[in-house]
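Q: Provided herewith is a single structure, encoded as structure tokens, for subsequent inquiry.
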Amino acid sequence: MTIDSELLRLLLYVVGFIAFIATNAAYLVWLERKEAGHIQCRIGPKEVGPFGLLQPVADGLKLMTKQLIIPKGADSFLFRLGPVLVMTPAVMCFVTIPYSDTIVARNLDVGLLAIFAFASVNVLGLLLGAWGSRNKYAVISAARVVSQNVAYEIPMLIVIVTMVMVTGTMNLHEVVTSQNGGFWHWNIFRFSASPLMPVAFLIYFVCMLAETNRAPFDMAEAESELVAGAFTEYPGMGFGVFFMGEYANIVVGTSMATILFLGGWNCPFGLWPGLHWFLIKMYALIFTVIWIRWTFPRTTFYSLLNLSWKVLIPVAFANLILTSALLKVL
Amino acid sequence: MKAYIRDIVNGTWSLLVGMAITIRYFFGPVVTLQYPHQTVPMKPRFRGHIDLVLDERKGTNKCIVCNACMKTCPSGCITLEGEKREGVKQKVLTYYQLDFTKCSLCGLCVEVCPTAALDFSKDYNLVGSQESEFVFDLLKRLEERKQ
Amino acid sequence: MTAIAQSASSETFVLNLGPQHPATHGVLRVKLVMDGEYIVEAEPVLGYIHRMHEKMGENRTWAQFLPNTGRMDYLHALAYNHNYVCLVERAASIEVPERAEYIRVITNELNRISSHLLWFGAFVLDLGGFSPLLYAFDDREQILDLLESVTGSRLTYCYFRFGGVYNDVDQDFLDGCKAFVARLRERMPMYHNLVTKNIILMKRLQDIGFIDAEMCRKYGATGPVARGAGIDFDVRRHEPYSVYPRFDFDIPVYPGCDSMARYMVRMDEMEQSMRIIEQAVGAIPEGPVMAAKAPKIIKPPKGDYYHAVETARGSFGIRAVSDGTNTPYRMKLRTPSFSNLVTFGEAAKGMLLPDALALMGSLDLVIPEIDR
Numbered sequence: 001m002t003i004d005s006e007l008l009r010l011l012l013y014v015v016g017f018i019a020f021i022a023t024n025a026a027y028l029v030w031l032e033r034k035e036a037g038h039i040q041c042r043i044g045p046k047e048v049g050p051f052g053l054l055q056p057v058a059d060g061l062k063l064m065t066k067q068l069i070i071p072k073g074a075d076s077f078l079f080r081l082g083p084v085l086v087m088t089p090a091v092m093c094f095v096t097i098p099y100s101d102t103i104v105a106r107n108l109d110v111g112l113l114a115i116f117a118f119a120s121v122n123v124l125g126l127l128l129g130a131w132g133s134r135n136k137y138a139v140i141s142a143a144r145v146v147s148q149n150v151a152y153e154i155p156m157l158i159v160i161v162t163m164v165m166v167t168g169t170m171n172l173h174e175v176v177t178s179q180n181g182g183f184w185h186w187n188i189f190r191f192s193a194s195p196l197m198p199v200a201f202l203i204y205f206v207c208m209l210a211e212t213n214r215a216p217f218d219m220a221e222a223e224s225e226l227v228a229g230a231f232t233e234y235p236g237m238g239f240g241v242f243f244m245g246e247y248a249n250i251v252v253g254t255s256m257a258t259i260l261f262l263g264g265w266n267c268p269f270g271l272w273p274g275l276h277w278f279l280i281k282m283y284a285l286i287f288t289v290i291w292i293r294w295t296f297p298r299t300t301f302y303s304l305l306n307l308s309w310k311v312l313i314p315v316a317f318a319n320l321i322l323t324s325a326l327l328k329v330l
Numbered sequence: 001m002k003a004y005i006r007d008i009v010n011g012t013w014s015l016l017v018g019m020a021i022t023i024r025y026f027f028g029p030v031v032t033l034q035y036p037h038q039t040v041p042m043k044p045r046f047r048g049h050i051d052l053v054l055d056e057r058k059g060t061n062k063c064i065v066c067n068a069c070m071k072t073c074p075s076g077c078i079t080l081e082g083e084k085r086e087g088v089k090q091k092v093l094t095y096y097q098l099d100f101t102k103c104s105l106c107g108l109c110v111e112v113c114p115t116a117a118l119d120f121s122k123d124y125n126l127v128g129s130q131e132s133e134f135v136f137d138l139l140k141r142l143e144e145r146k147q
Numbered sequence: 001m002t003a004i005a006q007s008a009s010s011e012t013f014v015l016n017l018g019p020q021h022p023a024t025h026g027v028l029r030v031k032l033v034m035d036g037e038y039i040v041e042a043e044p045v046l047g048y049i050h051r052m053h054e055k056m057g058e059n060r061t062w063a064q065f066l067p068n069t070g071r072m073d074y075l076h077a078l079a080y081n082h083n084y085v086c087l088v089e090r091a092a093s094i095e096v097p098e099r100a101e102y103i104r105v106i107t108n109e110l111n112r113i114s115s116h117l118l119w120f121g122a123f124v125l126d127l128g129g130f131s132p133l134l135y136a137f138d139d140r141e142q143i144l145d146l147l148e149s150v151t152g153s154r155l156t157y158c159y160f161r162f163g164g165v166y167n168d169v170d171q172d173f174l175d176g177c178k179a180f181v182a183r184l185r186e187r188m189p190m191y192h193n194l195v196t197k198n199i200i201l202m203k204r205l206q207d208i209g210f211i212d213a214e215m216c217r218k219y220g221a222t223g224p225v226a227r228g229a230g231i232d233f234d235v236r237r238h239e240p241y242s243v244y245p246r247f248d249f250d251i252p253v254y255p256g257c258d259s260m261a262r263y264m265v266r267m268d269e270m271e272q273s274m275r276i277i278e279q280a281v282g283a284i285p286e287g288p289v290m291a292a293k294a295p296k297i298i299k300p301p302k303g304d305y306y307h308a309v310e311t312a313r314g315s316f317g318i319r320a321v322s323d324g325t326n327t328p329y330r331m332k333l334r335t336p337s338f339s340n341l342v343t344f345g346e347a348a349k350g351m352l353l354p355d356a357l358a359l360m361g362s363l364d365l366v367i368p369e370i371d372r
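Chains as they are written, first to last, in this note's numbering: chain A, 1 to 330; chain B, 1 to 147; chain C, 1 to 372.
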């Protein structure tokens, strides 16, 4: 009996991704707490294991041993579906991301499209979970999540369209190979395509923060306003899965920033390209995401929409037009 | 249009300034004290719960059972008893109970004491699972301290 | 959580904010009638931490009420102490030595700064910024250490006595005050750069949370809330007590009426408090800290007495009626947060939930003081 080797490979990758997402999320929490601690002149976790490195294990155990309570009056089907819908698309996104020249589960020709298609499902998960829990705070949060994500998908996709025009492909592997060489070949510094490229990167980054509901755009959670927003009623691992999905989405977002703008696995000086460069760039971006969270207060909903409609979308459009004009001329 | 661009530039600049401040603290020193592993010595005037003062000369307490502390206590957390003994001029304290669950550490009892028989302890690591653990017999505590 | 109030005109629902909610900083409950995220009606519900301080005052001797005063506004306990001892001193005509008055002013202003620092941190926390809270606590810790070294406690002080203060301060404390003022002066620009000038914060506070002078007068709001509405009123200046008239300090007044104005009033007040501390530390006279002729048992003559002080949150007044015995006949406490809170119901109408919470934070509410 023969097993389709391609299918087996894919299966192995997906299992690997899930394991990676789980441990990565756990250790991103550790990183977040450590970084927050040091920014605030504290140490952060330190009791469990050396440097508190076993803290995520303890946290995970705690979450898993908690009773899964489904509140009275909640829609138990949607309530259970919510976390799954947040987690699954995040895993799907990982499938097409090329981590190095050889490490990629499935090199799709429409990889870029697939990722952004999957990434937008995450909103649905939050919406259904929040709606299903029948909590007023959660419902308010759900409404916020939807309009926030819709507003921020527009400038983000405009930037993506620009990038597709610049690189001429939707295949992520080819996007990276088009940036081979030193850092002056990376898209963020491709001034020949458009002088606004660093701005485009900034727009992408801001939109990514909003898409992944990270501070200062964490209106869905907004603990000082909505208690815990969409997660208010979720106990134990229900909350844990949401959390994992959220961190997985951050990883996807920063990975895409690395691939689209920072040359993927390429070394800035053209030396030893490989997985390590990809990870260094990705984690540096994640560090920045966390750094931003512990620096700024939360925006409000209307200033977020103002930012999207009055600043990000016009600038993204300007960049798009400029790029297409330059491509036509040159 | 000018104000719009200025707003964007100033806003972005203010965000960058904020990030520069936090990253400086990130690499800066840690100011917290790792409490159970490190402790601070209590200040001389720290007001813990009250304790009887040991009279070095007599080797016992200085209390003359005048009941001033009991009367002045706003929360009524002090109970004391004394008896008249042969050969001793003043009354002798036989029982002094402090109900620390009610005490608000105001220090009025220490102030009112004519013989300075009361003092604040430096004990802040108080923990218990039952209310009765915070009802102290101060005479017993004094005996324990003597040993 | 399923009670949905149907009204004829629109579909609204009732949201119970509190008594346990991260933004109410205590057991305050606000009943909000919401239309989506807009607040149609806001009604503060009080009484969750009522301890009957007024009645307790009427049931114990004048001296025995002293520790209670520190438990109402636990963030500016010394001002409450101060008001009560001032009242009793006025009633019983007790002369307070100069040095004691200076010590009272220094510790009081230190306590005011610590209260404002905590408000600053908690307010930014309400707005979702975490780190400023910890920076503010770092500074506040220095004040608590200083105050602990003279008063013996860190939060609910009971330091002032009828006719003076509990014990004298030493040179270490005065040097510590100078060092602290220098340190905070150095840190203030950091706070302004990190928080005040931050575009996100500015957008959240400017022109939002409108409480004007008219509203302040209507509800009796005082302190930074009134000064943020352009009313130049500070008890320290307008009904002077203790040795405040001897110091040169400004009263920050902002006419903005918005959350930002109230924020700026408090930030500037910290600097003014630092000025007062500096002057007081420089000019503190030698001498006793307790009146020589302070009576042991206080029995104020028959009469009706009132005294007010400026706390970190506004004007706090005590009215006490004495019938000539050693217990007050009637004790009435007028606390500033109570009046400040009432403006919330009117000001929050038509606001978005996050803005209303920013407004609530800018009022600097201390719940045990509202309920007392």
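Cβ atoms here follow ideal geometry from the backbone N, Cα and C, with glycine treated the same way.
Just so it is clear, the structure is predicted and the values come from calculations on it, not from any experiment.
Nearest by alpha-carbon distance to Ala176(A): which of Pro216(A), Leu275(A) and Gly245(A) is it?
A: A small correction: the amino acid at residue 176(A) is Val; Ala does not occupy that position in the sequence shown. Here the closest residue by C-alpha is Leu275(A).
Q: Can you look up Met42(B) in the DSSP assignment and give me helix, strand or coil?
A: Three-state result, Met42(B): coil.
Q: Can you tell which of Leu28(A), Thr254(A) and Gly111(A) has the C-alpha that lies nearest to the C-alpha of Phe243(A)?
A: Phe243(A) has its Cα closest to that of Leu28(A), out of Leu28(A), Thr254(A) and Gly111(A).
Q: Find out if the Cβ-Cβ distance for the pair His238(C), Cys86(C) is shorter than 7 angstroms.
A: For His238(C) and Cys86(C), no; Cβs fall outside 7 angstroms.
Q: Throw me the rounded Cβ distance for the Arg372(A) and Asp218(A) pair, which I believe falls under 8 angstroms.
A: Examination of residue 372(A) is not possible in this model, given that chain A is present from 1 through 330 alone.
Q: Using 8 angstroms for Cβ pairs, my map puts Ala119(A) next to Asn249(A). What's the rounded Cβ distance?
A: Their Cβ separation, rounded to whole angstroms, is 7 angstroms, which keeps Ala119(A) and Asn249(A) in contact under 8 angstroms.
Q: Check whether the stretch 89–99 of chain B and the stretch 72–79 of chain C touch, using three or more Cβ-Cβ pairs below 8 angstroms as the test.
A: No contact exists between the stretch 89–99 of chain B and the stretch 72–79 of chain C.
Q: State the DSSP-derived secondary structure class of Ala291(C), mapped to helix, strand or coil.
A: DSSP places Ala291(C) in coil when its eight states are reduced to three.
Q: Report the three-state DSSP secondary structure of Gln171(C) (helix, strand or coil).
A: Looking at Gln171(C) - three-state DSSP - the assignment turns out to be helix.
Q: Between the Cα of Arg99(C) and the Cα atoms of Trp62(C), Gly129(C), Val195(C) and Ala291(C), which residue gives the shortest distance?
A: It is Ala291(C).
Q: Given this structure, state the Cα-to-Cα distance separating Thr2(C) from Arg134(A), to the nearest angstrom.
A: Reliability of the predicted coordinates at Thr2(C) is poor, the pLDDT of 40 falling under 50, and no value is obtained from them.
Q: Here's the rule I'm using: 16 or more other beta-carbon atoms within 10 Å means buried, otherwise exposed. How should Asp139(C) be labelled?
A: Burial call: buried.
Q: Is the Cβ of Ile200(C) closer than 7 angstroms to any Cβ of chain A?
A: By this cut-off, Ile200(C) is an interface position.
Q: Against chain C, with Cβ distances strictly below 7 angstroms, would Thr88(A) count as a contact?
A: Chain C, which has no Cβ nearer than 7 angstroms to the Cβ of Thr88(A), makes this no.
Q: Strictly below 9 angstroms CB to CB, what residues from chain B border Asn193(C)?
A: Those are Ser14, Val17, Gly18, Ala20 and Ile21, listed as they occur along chain B.
Q: So what's Phe116(A) in DSSP terms, helix, strand or just coil?
A: In this structure, Phe116(A) counts as helix in the three-state DSSP scheme.
Q: Classify Glu221(A) as buried or exposed, calling it buried when 16 or more other Cβ atoms lie within 10 Å of its own Cβ.
A: The residue in question, Glu221(A), is buried, as its Cβ has 16 or more Cβ neighbours within 10 Å.
Q: Answer with yes or no whether the minimum CB distance from Tyr35(B) to chain A is below 7 angstroms.
A: Tyr35(B) does not count as touching chain A.
Q: In the DSSP assignment, find the beta strand (DSSP E) that holds Arg330(C) and state where it starts and stops.
A: Pro328 to Arg334 is the extent of the beta strand (DSSP E) around Arg330(C).
Q: Which of helix, strand or coil does DSSP assign to Tyr137(A)?
A: The answer is helix: DSSP assigns Tyr137(A) an H, G or I state.
Q: Compile a chain-ordered list of the residues in the stretch 144–168 of chain A whose CB is closer than 9 angstroms to at least one CB of chain C.
A: Here the close residues are Arg144.
Q: Taking just the CA atoms, how far does Asn149(A) sit from Ile318(C)?
A: Their backbone Cα atoms lie some 53 angstroms apart in a straight line.
Q: Using a beta-carbon distance below 7 angstroms, is Gln40(A) in contact with chain C?
A: It does: the Cβ of Gln40(A) has a partner Cβ on chain C nearer than 7 angstroms.
Q: For the beta strand (DSSP E) that Leu15(B) lies in, which residues bound it at each end?
A: Note, Leu15(B): premise wrong, no beta strand (DSSP E); alpha helix (DSSP H) at Lys2 to Phe27.
Q: Determine the burial state of Ser5(A): buried for a count of at least 16 other Cβ atoms within 10 Å of its Cβ, exposed for fewer.
A: So Ser5(A) counts as exposed.
Q: Report the rounded CA-to-CA distance for Gly128(B) versus Phe134(B), giving the unit in angstroms.
A: Approximately 7 angstroms, taken between the alpha carbons.
Q: Taking three-plus beta-carbon pairs below 8 angstroms as touching, is the stretch 188–205 of chain C in contact with the stretch 240–248 of chain C?
A: Counting Cβ pairs under 8 angstroms, fewer than three are found: no touch.
Q: Is the shortest distance between the beta-carbon of Gly164(C) and the beta-carbons of chain B less than 7 angstroms?
A: With 7 angstroms as the cut-off, Gly164(C) does not count as an interface residue toward chain B.
Q: Using beta carbons (cut-off 7 angstroms, strictly below), is Gly128(C) in contact with chain A?
A: Chain A, which has a Cβ nearer than 7 angstroms to the Cβ of Gly128(C), makes this yes.
Q: Report the three-state DSSP secondary structure of Met165(A) (helix, strand or coil).
A: Reduced to three states, the DSSP call for Met165(A) is helix.
Q: With 7 angstroms set as the bound, which would you pick, yes or no: does the beta-carbon of Ile286(A) sit closer than that to a beta-carbon of chain B?
A: It does not; no Cβ of chain B falls within 7 angstroms.
Q: Taking only the alpha-carbon atoms, compute the straight-line gap between Ser114(C) and Phe180(C) and give it to the nearest angstrom.
A: Near 12 angstroms, if we compare the C-alpha coordinates of Phe180(C) and Ser114(C).
Q: With burial defined as no fewer than 16 other Cβ atoms inside 10 Å of the residue's Cβ, what is the status of Glu47(A): buried or exposed?
A: By the neighbour-count rule (16 or more Cβ atoms within 10 Å), Glu47(A) is not buried but exposed.
Q: Between the stretch 235–265 of chain A and chain C, which residues of the former have a C-beta closer than 9 angstroms to a C-beta of the latter?
A: Hits within the stretch: zero.
Q: Suppose you measure from the CA of His116(C) to the CA of Val342(C); what does that come to, to the nearest Å?
A: Computed Cα separation, rounded: 21 angstroms.
Q: Any beta carbon from chain C within less than 7 angstroms of Thr299(A)'s own beta carbon?
A: Interface residue, yes.
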